[in-house]
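See below for the structure under consideration.
Numbering (my numbering), first residue to last: 10 to 161.
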């Protein structure tokens, strides 16, 4: 953790925090269970490591304004934001397998951005570089780990 937010670069403490999460823990808000949350993070990181191809769903002007708020301010992600339907089934056999996959996807994210000048689209913020994605992942992980009481 750094300054009260999750540091997705420092993977060992992140993994140690995630493995303390019990599969039966109820969220403080929202409808996800713990494994759905981890699988959601896997899905989202896959859009930033070349596994899935993202699209931007807003105009460049809207994206620039949203990126300014979402990346360049300390404004947290609001609670109870619903941006899609929860999947009908889990992809991984258990929490440990999902956590292992999340860590692998984060490593892939780092490798993907090794080539200078790479940007990847965010659905609401437009093209983002590695630093901007790190900021977003930090905020997004913080949002969900707070959702399950792993951090305050």
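We put the beta carbon where it would ideally sit given N, CA and C, even for glycine.
Range of the contiguous alpha helix (DSSP H) that encloses residue i
i: residue 46; result: 43-55
i: residue 79; result: 69-80
i: residue 111; result: 104-121
i: residue 23; result: 20-27
Candidates the options, of which the one nearest residue i by Cα
i: residue 106; options: 151, 48 and 157; result: 48
i: residue 96; options: 27, 46, 152 and 37; result: 46
i: residue 41; options: 28, 128, 26 and 90; result: 90
Residue i versus residue j: straight-line alpha-carbon distance, rounded
i: residue 86; j: residue 79; result: 8 Å
i: residue 70; j: residue 134; result: 9 Å
i: residue 56; j: residue 136; result: 12 Å
i: residue 109; j: residue 66; result: 30 Å
i: residue 58; j: residue 115; result: 8 Å
i: residue 150; j: residue 126; result: 25 Å
N-terminal and C-terminal residue of the beta strand (DSSP E) that residue i is part of
i: residue 93; result: From DSSP, residue 93 is part of no beta strand (DSSP E); its letter is neither H nor E.
i: residue 136; result: 135-137
Beta-carbon proximity list for residue i, same chain, < 7 Å, skipping 5 on both sides
i: residue 112; result: 20 and 24
i: residue 147; result: 14, 15, 16 and 17
i: residue 61; result: 55
i: residue 73; result: 135
Residue environment, residue i, which counts as buried when at least 16 other CB atoms sit within 10 Å
i: residue 44; result: buried
i: residue 100; result: exposed
i: residue 28; result: exposed
i: residue 141; result: buried
8 Å CB neighbourhood of residue i in its chain, flanking five on each side removed
i: residue 120; result: 58
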